[in-house]
Amino acid sequence: MKPVFRFAPVLLTALLASASLGAPRPLFSPSPLATFDGTRWSGLALGQTTFKDIRARFDTGGGIYDRSTQLTMPKNSGLRVYCLWAKRGDDEVLTSVVLRYSGVTPSSDQLEAAFDPGAKQGQALYQRGRYEDWRVVRFPQRGVSAFQLRDGGNYTTPILVLSAPGSLASLSQQLVDEETAVEERIDPMENEPKVGEFGEITIDFDGNETDDIPTWVRSDTRDTLRDVSAGGTLRWNRGAAGYYRMRVSASRDKKDEGGTYSVSTEIDAAGPYGTIHTTGSGSQRWKRDDDDYPRTPAAAFDRAVREARRDAETKYQQAMVISGPPSLGAIREDQWTELVTLLRSPQNSAPVDTGTGTGTGAPVLGF
2 MKPVFRFAPV LLTALLASAS LGAPRPLFSP SPLATFDGTR WSGLALGQTT
52 FKDIRARFDT GGGIYDRSTQ LTMPKNSGLR VYCLWAKRGD DEVLTSVVLR
102 YSGVTPSSDQ LEAAFDPGAK QGQALYQRGR YEDWRVVRFP QRGVSAFQLR
152 DGGNYTTPIL VLSAPGSLAS LSQQLVDEET AVEERIDPME NEPKVGEFGE
202 ITIDFDGNET DDIPTWVRSD TRDTLRDVSA GGTLRWNRGA AGYYRMRVSA
252 SRDKKDEGGT YSVSTEIDAA GPYGTIHTTG SGSQRWKRDD DDYPRTPAAA
302 FDRAVREARR DAETKYQQAM VISGPPSLGA IREDQWTELV TLLRSPQNSA
352 PVDTGTGTGT GAPVLGF
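Listed below in C-alpha cells is the structure:
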C-alpha cells in the first residue's frame, strides 16, 4: 500500500498562500477601444484606480512619461499602454491612459466608428509651428484624443489618450481648429562652429600615495588642460560655464617596489546644440627595476593622465561632430508630450461615471 500524506489545515493554508505570493502577475490584456466610456476601460477606472491596485494586479514596468507606469504586454503586440498618475491624498490615482502603437495603427474610420458613430463630432485640431503634418482629433463625449500623423494620403494614429471628457478642452490652450501650414525648420546654429567651452579646471589627488607627484608636475598638468583641443571641438575659456575635472588615486606595492596610478576625467561643456558630457579613465603601473614599466611615479602618472584624457576627449570630439538640431520626430514627440501633460492635469481629470464599459479582453485593434 502506498503511503498516504495528509497536511494539517493550517499548513495547507500556508502553502497555498506562499504559492500565491510567488506567482507571477499576469500581463495586461486590453479590451476593445470602443468599450472606453470616459471613465473605464479594460478594468481601469479614471480617478479611482490607484498605483497600488495596478502593481497588485498586473506585471508592470517603468513609464516614459513623468509619473507613469507601463502595463506589460507581449513584445510583439504592437501596443504599449501607460498609466499616468496624479497625487491624491496618500495615493497615486489614475488620471489618463496613453496607448502607443507601432506598426499597424487605428485608422480614422475605425476611430469614428468606435467613438463617434454617425455623429461627426470628432474635431481636428492643429498646432502652429509644427514641422510635420500632424493633428489631434478629439472626441469630447468619450474623452478620447487621437494623435495623428499624415502618411501619404492617410493619417496614422501612433498615440491615443484616454482621459476624462472634461480634460479635452485643455487642448485648445495650444491647438486651433483651423488647419495651419506645416513650417520649414530653419537651423539658427547651422553656421556656428562646433566647439564647446569650459572655464573650471579641477584636479583632485586622493590619498597619501599621490604625494610622490611633484608640485611642478601637478602644475604642468593643469596648464596642459588649458591648451586642450579635442580635435578643435573643445577649448578653455575663463568664465565659461563648463568644466574639466580630474581625479587621481594611487596605490603602493606591499614591498614598496612600485605602484599604480589611476586617473578619471570628466568633461562637461556646451556647444551650439547643447551640453556634451563625457568621461574617461586611465591606469598605469610603475616599478623601479623593470624595463616593462615606467620607473618613476611621475612618469606613470603622466601616462595615466594622457590615457584618461585621450579617452574623454575622443568621446567628446565624436559627440560634438555628430551633434545637430533635434530631429523632426523628436520635436514632434516633445510637442505631443506637452499635450499629453495637459490632458493628464489633475484639475482637468475629474471622471464622469457613465456606466460600465469594462470590455472583455478582445484583440488589441478590436473596436
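Counting from 2, one number per residue, gives the positions in the sequence shown under this note's numbering.
A virtual CB, placed ideally from N, CA and C, is assigned to each residue, including glycine.
What are the partner residues of residue i, as DSSP defines its beta bridges?
i, result
"Gln149", "Arg136"
"Gln124", "Arg139"
"Arg253", "Gly260"
"Phe199", "Trp237, Gly243"
"Phe116", "Partner(s): none; Phe116 has no beta bridge."
"Thr70", "Gly63, Cys84"
"Lys288", "Gly259"
"Glu93", "Lys88"
"Val1", "Nothing can be reported for residue 1: it is not among the residues displayed for the chain, which extend from 2 to 368."
"Ile268", "Tyr245, Thr279"
"Asp205", "Arg248"
"Arg41", "Ala46"
"Val177", "Tyr127"
"Thr157", "Leu150"
"Thr51", "Val94"
For residue i, which residues in the same chain have their Cβ closer than 8 Å to its Cβ, ignoring the five residues on either side in sequence?
i, result
"Phe6", "With a pLDDT of 42 at Phe6, under the threshold of 50, the predicted position of this residue should be treated as unreliable, though the coordinate-derived value follows. Contacts found: none."
"Asp134", "Leu150, Arg151, Val183"
"Met321", "Lys195, Val196, Gly197, Ala231, Thr234, Leu235, Gly272, Ile277"
"Glu258", "Lys288, Arg289, Asp290"
"Pro326", "Arg186, Asp188, Met190, Tyr274"
"Ser21", "Residue placement at Ser21 cannot be trusted, given a pLDDT of 45 that sits under 50; what the coordinates show is reported in the next sentence. The answer is none, since no qualifying residue turns up."
"Asn77", "none"
"Trp237", "Glu198, Phe199, Gly200, Ile202, Leu226, Arg227, Asp228, Val229, Tyr245"
"Asn192", "none"
"Asp178", "Gln124, Ala125, Leu126, Tyr127"
Enumerate in chain order the residues of its own chain whose CB-to-CB distance from residue i is below 6 Å, with the five nearest sequence positions on each side excluded.
i, result
"Thr357", "Below a pLDDT of 50, predicted positions are generally treated as unreliable, and Thr357, at 34, falls in that range; the measurement from the model is reported next regardless. Taken in chain order, the list of residues that qualify is empty."
"Arg253", "Glu210, Gly260"
"Leu112", "Ala147"
"Tyr245", "Phe199, Ile202, Leu226, Ile268"
"Tyr262", "Ala251, Gln285, Ala301, Phe302, Ala305"
"Tyr156", "Ser109, Gln149"
"Trp217", "none"
"Thr50", "Leu95"
"Arg296", "Arg289"
"Tyr294", "Arg286, Trp287, Lys288"
"Ile160", "Arg101, Phe148"
"Arg89", "none"
"Ala15", "Any reading at Ala15 needs caution, since the residue's pLDDT is 47, under 50, leaving its predicted position unreliable; the model's value is listed next. Closer than 6 Å at Cβ, skipping near neighbours: no residue."
Report yes if the C-beta distance between residue i and residue j is below 8 Å; otherwise report no.
i, j, result
"Gly48", "Val98", "no"
"Met247", "Val229", "no"
"Gly243", "Gly275", "no"
"Ala309", "Gly283", "yes"
"Pro85", "Tyr102", "The sequence shown places Leu at residue 85, rather than the Pro named in the question. For Leu85 and Tyr102, no; Cβs fall outside 8 Å."
"Lys53", "Asp110", "no"
"Gly144", "Ala165", "yes"
"Leu172", "Leu343", "yes"
"Ser43", "Pro31", "yes"
"Pro298", "Asp221", "no"
"Glu339", "Gln175", "yes"
"Ile332", "Tyr132", "yes"
"Tyr83", "Gly64", "yes"
Quick test of your reading: residue i and residue j, contact by CB under 8 Å. State the CB separation rounded to the nearest angstrom.
i, j, result
"Arg227", "Ile204", "Not confirmed; about 12 Å, so no contact."
"Thr280", "Ala313", "6 Å"
"Phe37", "Phe59", "With a Cβ gap of about 18 Å, Phe37 and Phe59 do not count as contacting."
"Gln336", "Gln124", "That belief does not hold up - the Cβ atoms of Gln336 and Gln124 are roughly 18 Å apart, past 8 Å."
"Phe206", "Val137", "Going by Cβ atoms, the distance from Phe206 to Val137 rounds to 57 Å, so no, they are not a contact pair."
"Thr158", "Thr106", "4 Å"
Hey, does residue i have any beta-carbon neighbour from chain D nearer than 8 Å?
i, result
"Arg311", "This model lacks chain D altogether; it includes just one protein chain."
Apart from the five residues on each side of it in sequence, which residues of its chain come closer than 7 Å, Cβ to Cβ, to residue i?
i, result
"Val341", "Tyr66, Val99, Val162"
"Ala170", "none"
"Arg223", "Ile202, Ile204"
"Ala231", "Glu314, Tyr317, Gln318"
"Ala241", "Glu198, Phe199, Gly200"
"Thr61", "Ile55, Thr70, Gln71, Leu72, Thr73"
"Gly208", "Ser250, Ala251"
"Pro25", "Asp60"
"Pro215", "Ala299"
"Gly360", "Caution is warranted here: a pLDDT of 35 is assigned to Gly360, below 50, making its placement in the model unreliable, and the coordinate value is therefore given only provisionally. Here the set comprises Ser32, Pro33, Thr36, Trp42, Ser43."
"Leu12", "With a pLDDT of only 49 at Leu12, under 50, the local geometry of the prediction cannot be trusted, and the value read off the model is given with reservation. Excluding positions up to five away in sequence, the list is empty."
When the Cβ atoms of the segment 69 to 78 are set against those of the segment 115 to 124, are three or more pairs found closer than 8 Å?
Not touching, per the Cβ criterion.
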